[in-house]
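With positions in the sequence shown counted from 1, the corresponding number in the numbering used here is that position plus 1184. Backbone N, C-alpha and C define an ideal beta-carbon position, used for all residues, glycine too. Shown next, in structure tokens, is the structure this report addresses.
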Amino acid sequence: MFDIDKSKAINSMLFVLNQLGAEKSDAHKVFKILYFADQKHLVNYGRPITGDTYVKMEYGPVPSFLRNVSEGNEKEGLINKTNKHFLTTSYQYDEEDLSESEVECLKEAIAENKDISFKKLTEKSHDSAWQNAQWRIDYLAMAKAVTNNPDILNYIKINALNEQMCF
């Protein structure tokens, strides 16, 4: 539905890691914060921040490209894993790559989720989009999980179609 912007995706993850700090940056929390930030931006502005493909995993949605980055399969050395589950980086996010609205949604998602336990964050992320997915979580389903406003949903559909058009 939306195409990934790898630079925005990476900078979004770097932003979250920089804001959380090493002691709170477990992969589960980082991925859920990114999911909720993408969902929030999608509903408020008609498009996600990252455009990453979220997949249904046991403990909630996981952004596939960013998971590969965190595993060292893409952009080796950008993200380090400590104690099997914690993500660290020595890099700062590129302020030029994220808009004010994107930073706003990332900050809100961090504030709302940074202190939530693994179990509660898993439960929260098991929304209707996650529940109804076979594997890939559809962006429109992500929006429908938090709003049933037809104007917002139509706006998202139009933005997705515009992104898919080639000139």
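| Query | Result |
| --- | --- |
| Which of helix, strand or coil DSSP assigns to Asn1228 | helix |
| Beta-carbon gap between Phe1186 and Gly1235 smaller than 8 Å | yes |
| Boundaries (first-last residue) of the beta strand (DSSP E) holding Asn1257 | Where Asn1257 is concerned, there is no enclosing beta strand (DSSP E), given that its DSSP letter is neither H nor E. |
| Selection from Pro1334, Asp1281, His1212, His1225 that minimises the alpha carbon distance to Lys1240 | His1212 |
| Beta carbon of Tyr1219 nearer than 8 Å to that of Pro1245 | yes |
| Top-ranked residue by Cα proximity to Gly1205, from Asn1333, Ala1344, Thr1273, Cys1289 | Thr1273 |
| Straight-line Cα distance separating Met1197 from Asp1210 | 12 Å |
| Simplified DSSP assignment, three categories, for Met1197 | helix |
| Exposure label - Ser1309; buried when at least 16 CB within 10 Å | buried |
| Where Ile1321 sits in the DSSP three-state scheme | strand |
| Where the alpha helix (DSSP H) through Ile1287 begins and ends | According to the sequence shown, residue 1287 is Val rather than Ile. Taken as a continuous stretch (DSSP letters only), the alpha helix (DSSP H) holding Val1287 covers 1284 to 1297. |
| Buried versus exposed call for Ile1340 [16 or more other C-beta atoms within 10 Å across all chains shown] | buried |
| For Tyr1243 and Phe1302, the rounded distance between their alpha carbons | 9 Å |
| Under 8 Å between C-beta atoms of Leu1337 and Leu1345 | no |
| Asn1343 vs Asp1278 beta-carbon contact at 8 Å | no |
| Within 8 Å, strictly: CB atoms of Leu1250 and Met1326 | no |
| Burial state of Pro1334 (16 or more Cβ within 10 Å) | exposed |
| C-alpha distance - Leu1282 paired with Gln1203, whole-angstrom precision | 14 Å |
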